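*Asks:* The following block contains the structure, expressed as structure tokens.
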Amino acid sequence: MGKIQILPENIRNKISAGEVVERPVSVVKELVENSIDAKAKKIIIEVNSAGEELIAVTDNGEGMTEDDAILAIKPFATSKIKTEEDLNYITTLGFRGEALSSIASVSKMELRTKTESSPGVYLRIEGGEIKDSRPWEGKVGTSIRVYDLFYNVPVRKKFLKSPLTEGRLIQEFIERISLAYPEISFQFFDDGKEKLFTSGNNNVEDVILEIFGKEVLENLIFFEKEEGNYKIYGYISKPGKLVAVRAQDIIFLNRRIIRNISISQAIKSGYKHRLREDFYPFSIINLFVPYEEVDVNVHPTKREVKFHNESKIMSFISSSIQNALEKYEENLRKIILPSKEVKEEKEEIKLDFSNKYESLSLPLKESATYVEKTPHRFYSYYDIKIIGQAFNNYLILEYKDKLLIMDQHAAHERIQYENLKKQKNTIKGNEILFPLIIKISQMEKKLLEEKKEVLEKFAFYWEEFGKDHIRIISLPKEISKLDNYSIEMFFRELIEDLGEKNLEEMEDKLIKTIACHSAIRSGEILIDEEIYALIKTIVEEKIPLACPHGRPIIWEISKEELEKKFHR
């Protein structure tokens with residue numbers, strides 16, 4: 178007898194399941210997508226123990242007849258394609274007929290389903306085999322409960338991440354699918370606790386608000402564009418509201434969640450000079466292309482796709498975003514720089530510098546002065562003209578008969594400091610997506626423990642991680658946006674601040690440290706809108722013109738002094 182043989186069906190099914198069902202979120206994805214394809218208007222998802230113990234998806238979709246339900250758990254059983262040509266026009270999320278059979282082969286599953294015109298049926302399946310079948314009286318729709326995932330392939334369990342990670346992946350998927358289908362109500366329970374609810378009112382901004390909060394929503398720009406057979410719409414972050422993680426691209430192709438490096442690059446390209454190095458826009462992109470121009474049958478999980486006219490589509494995406502940003506900037510200019518008529522109307526309220534304000538002057542080669550520790554000296558930003566940015570740190574501005582040189586880091590640091598002082602006991606924190614592990618000494622750990630109450634006032638939470646390490650869980654929201662290296666540098670300086678014995682002085686030092694590390698950095702390129710926003714804040718909030726450490730924010734050089742230097 179030869180060595181090569183055909184594998185038994187049960188082994189083939191387990192191998193096939195490994196391609197589709199990689200982890201608990203794969204099960205959630207396949208079941209939810211089936212519910213959407215069944216025209217459900219309400220979908221309830223429940224998981225226990227991050228999906229290992231239970232995954233349940235209940236919908237009010239069309240349901241299945243008994244015959245279809247029995248057939249649905251067989252490999253390659255589907256109602257969504259019938260011919261080879263159908264593969265070129267896939268309009269549903271599922272189409273291979275592998276999902277239910279793959280899930281059933283590696284779990285214990287209960288299926289309840291009923292259509293409008295046929296009796297309901299209950300099936301109990303273990304390892305792909307039907308163990309019980311009987312009539313079921315229930316509402317139209319389908320309910321599938323998956324127990325003991327991978328119970329018969331224990332090696333698969335060894336490759337799962339922590340419950341925290343697996344649970345996060347499930348919630349992330351549900352959040353994203355709810356953004357793609359705002360007309361469907363999604364309800365998600367994790368270990369009995371409701372984690373997400375969307376109303377299904379077809380208002381995607383309500384979904385964004387539910388998932389990301391008001392601050393994120395207010396800093397997004399809606400855009401849409403249609404060109405030939407292509408259509409795109411969605412939300413992108415304003416140029417000054419960028420993040421330091423690439424994972425903030427939420428991309429839907431014909432309402433299917435996908436990952437595509439080319440699209441991410443096209444999004445970034447649309448921002449052009451508006452992006453600072455290592456920062457990325459937050460985006461929710463809905464792209465529609467003709468079905469025949471995209472191949473979704475590339476990967477078993479259907480997360481990756483291929484475009485037939487990739488360069489054309491990427492150019493369309495990039496130009497759409499660029500146009501949206503240009504339109505936003507034009508509107509911003511109208512707000513920040515009023516028309517000549519508006520300027521003239523406001524002339525009466527502009528500040529006069531003649532004899533009302535004091536400033537400390539120090540020689541700059543006997544010509545320049547700097548404004549230091551003067552909480553009452555401000556400029557009317559309507560009259561300010563941006564000349565440029567020197568050394569990617571100093572803003573060169575023209576104001577009436579003066580040149581102003583502004584230290585962008587010092588200016589923003591002072592703004593952050595003033596804002597944080599107002600929030601002192603209500604500073605908001607953000608949990609870190611991937612908690613940061615930092616090595617510390619026993620003395621430092623003891624200091625952290627002693628000052629735990631103070632740190633928690635500033636939204637700083639940590640836990641022990643072995644003998645010589647701690648794991649940072651939450652930070653002030655201003656700091657949580659930084660990269661890991663910057664967070665660690667902040668942490669080292671924070672420990673030094675904790676050595677201050679006077680509580681009030683210690684808290685002030687902490688605020689200064691947060692302000693410093695969260696401020697615009699020296700070396701960052703700013704676009705005009707960001708510069709005007711900086712000036713506007715300093716003017717309207719009457720920010721003192723010195724940083725929290727006493728360094729000047731602005732230098733003045735008068736036209737007269739400048740002309741003297743050129744012997745005019």
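Here the sequence shown is numbered in the numbering used here, starting from 178 and rising by one per residue.
Glycine included, every Cβ here is placed at the ideal spot set by N, Cα and C.
Quick caveat: nothing in here was measured; it's all calculated off a predicted structure.
In the DSSP assignment, the alpha helix (DSSP H) including GLY304 goes from what residue to what residue?
*Replies:* Careful: GLY304 lies outside any alpha helix (DSSP H) and carries neither H nor E.
*Asks:* Which value, in whole angstroms, describes the spacing of the CA atoms of ILE615 and SER651?
*Replies:* 13 Å
*Asks:* Under the rule that 16 or more other beta-carbon atoms within 10 Å means buried, what is LYS599, buried or exposed?
*Replies:* exposed
*Asks:* Can LEU632 and LEU675 be called in contact, C-beta distance under 9 Å?
*Replies:* Yes, the pair counts as a contact, with Cβ atoms nearer than the cut-off.
*Asks:* Alpha carbon to alpha carbon, how far is GLU207 from ASP225? Give it in angstroms, no decimals.
*Replies:* Note on residue identity: the sequence assigns Asn, not Asp, to residue 225. Each residue's Cα considered, the two are about 17 Å apart.
*Asks:* Note down, one range per segment and in chain order, each alpha helix (DSSP H) of at least 4 residues found wholly within the region 592-634.
*Replies:* As far as the region 592-634 is concerned, its whole alpha helix (DSSP H) runs of at least 4 residues are 619-627 and 629-634.
*Asks:* By a C-beta neighbour count over all protein chains shown, 10 Å radius and 16 as the cutoff for buried, is THR603 buried or exposed?
*Replies:* exposed
*Asks:* For ILE720, does the three-state DSSP call read helix, strand or coil?
*Replies:* Shown here, ILE720 sits in coil according to DSSP, grouped into three states, outside any helix or strand.
*Asks:* Contact between the region 356-368 and the region 314-322 is defined here as three or more beta-carbon pairs at a separation below 8 Å; is this criterion met?
*Replies:* no
*Asks:* Cα separation between LEU572 and GLN566?
*Replies:* About 5 Å.
*Asks:* Taking C-alpha atoms, which residue in VAL204, PRO359 and GLU507 lies nearest to THR327?
*Replies:* The sequence shown places Phe at residue 327, rather than the Thr named in the question. Nearest C-alpha to PHE327: VAL204.
*Asks:* Between GLU243 and the rest of its own chain, which residues show a CB-CB distance below 6 Å, the 5 nearest in sequence each way excluded?
*Replies:* The residues are VAL298.
*Asks:* Report the three-state DSSP secondary structure of GLU229 (helix, strand or coil).
*Replies:* DSSP places GLU229 in coil when its eight states are reduced to three.
*Asks:* Does the separation of the CB atoms of PHE465 and TYR407 fall below 9 Å?
*Replies:* At a Cβ-Cβ threshold of 9 Å, PHE465 and TYR407 count as neighbours.
*Asks:* Along the alpha helix (DSSP H) that carries TYR662, what are the first and last residues, could you check?
*Replies:* 661-674
*Asks:* Between which residues of its own chain and ILE688 is the CB-CB distance below 7 Å, once the five residues before and five after are set aside?
*Replies:* TYR594, LEU597 and LYS598
*Asks:* Suppose you measure from the CA of GLU590 to the CA of SER488; what does that come to, to the nearest Å?
*Replies:* 42 Å
*Asks:* Using only the alpha-carbon positions, how far apart do PHE667 and PRO340 sit?
*Replies:* 29 Å
*Asks:* Which value, in whole angstroms, describes the spacing of the CA atoms of ILE444 and PRO312?
*Replies:* Rounded to whole angstroms, ILE444 to PRO312 spans 52 Å at the Cα level.
*Asks:* Can you tell me the Cα-Cα spacing of PHE575 and CYS693, whole angstroms?
*Replies:* In the sequence on display, residue 575 carries Glu and not Phe. GLU575 and CYS693: Cα-Cα distance of roughly 27 Å.
*Asks:* Thinking just about the alpha-carbon of each residue, which of ILE385, GLU404, LYS402 and ASP705 is nearest to the one in TYR395?
*Replies:* It is Glu, not Tyr, that sits at residue 395 in the sequence shown. Nearest option by C-alpha distance: ILE385.
*Asks:* By the DSSP assignment, the beta strand (DSSP E) with ARG648 in it spans what residues?
*Replies:* 646-653
*Asks:* Could you spell out where the beta strand (DSSP E) holding ALA567 opens and where it closes?
*Replies:* 561-567
*Asks:* Determine, using beta carbons only, whether GLU229 and LYS334 come nearer to each other than 9 Å.
*Replies:* Yes, these two residues count as a Cβ contact at 9 Å.
*Asks:* Smallest Cα separation from PHE399: which of ASP383, GLU738, SER414 and ILE708?
*Replies:* For the residues ASP383, GLU738, SER414 and ILE708, the minimum Cα distance to PHE399 belongs to SER414.
*Asks:* Is GLY643 helix, strand or coil when you go by DSSP?
*Replies:* coil
*Asks:* Looking at TYR580: is its Cβ nearer than 9 Å to the Cβ of LYS736?
*Replies:* As written in the sequence, residue 580 is Leu, which differs from the Tyr given in the question. Yes, they are a contact pair.
*Asks:* Within a Cβ cutoff of 6 Å, which residues of the same chain sit near ASN607, ignoring the five residues on either side of it in sequence?
*Replies:* LYS654 and SER657
*Asks:* Name the DSSP beta bridge partners of GLU740, please?
*Replies:* Per DSSP, GLU740 has no beta bridge partner at all.
*Asks:* So is ILE409 buried or exposed if we call it buried at 16+ other beta carbons inside 10 Å?
*Replies:* buried
*Asks:* Pull up the CB-CB distance for GLY447 and SER495, whole angstroms please, since I reckon it's below 8 Å.
*Replies:* Right, their Cβ atoms sit about 4 Å apart.
*Asks:* Grouping DSSP H, G and I as helix and E and B as strand, with all else coil, what is PHE429?
*Replies:* strand
*Asks:* What does a CB cutoff of less than 8 Å around ILE647 pick up in its chain, not counting 5 residues either side in sequence?
*Replies:* ILE614, ILE615, ILE617, LYS622, LEU625, TRP639, GLU640 and GLU641
*Asks:* Using only CA atoms, which one of LEU703, ILE427, LYS291 and GLU360 lies nearest to ILE584?
*Replies:* Before going on, a small fix: residue 584 reads as Asp here, not Ile. Distance check between ASP584 and each of LEU703, ILE427, LYS291 and GLU360 places LEU703 closest, using alpha-carbon atoms only.
*Asks:* Say whether the region 231-238 touches the region 372-385, bearing in mind that this needs 3 or more beta-carbon pairs closer than 8 Å, one atom from each stretch.
*Replies:* no
*Asks:* For PRO378, I'd like the list of residues in its chain whose CB is within less than 6 Å of its CB, leaving aside the five on either flank, ordered along the chain.
*Replies:* For the sequence presented, residue 378 should be read as Asn rather than Pro. Within the same chain, ASN378 has no close Cβ partners at all.
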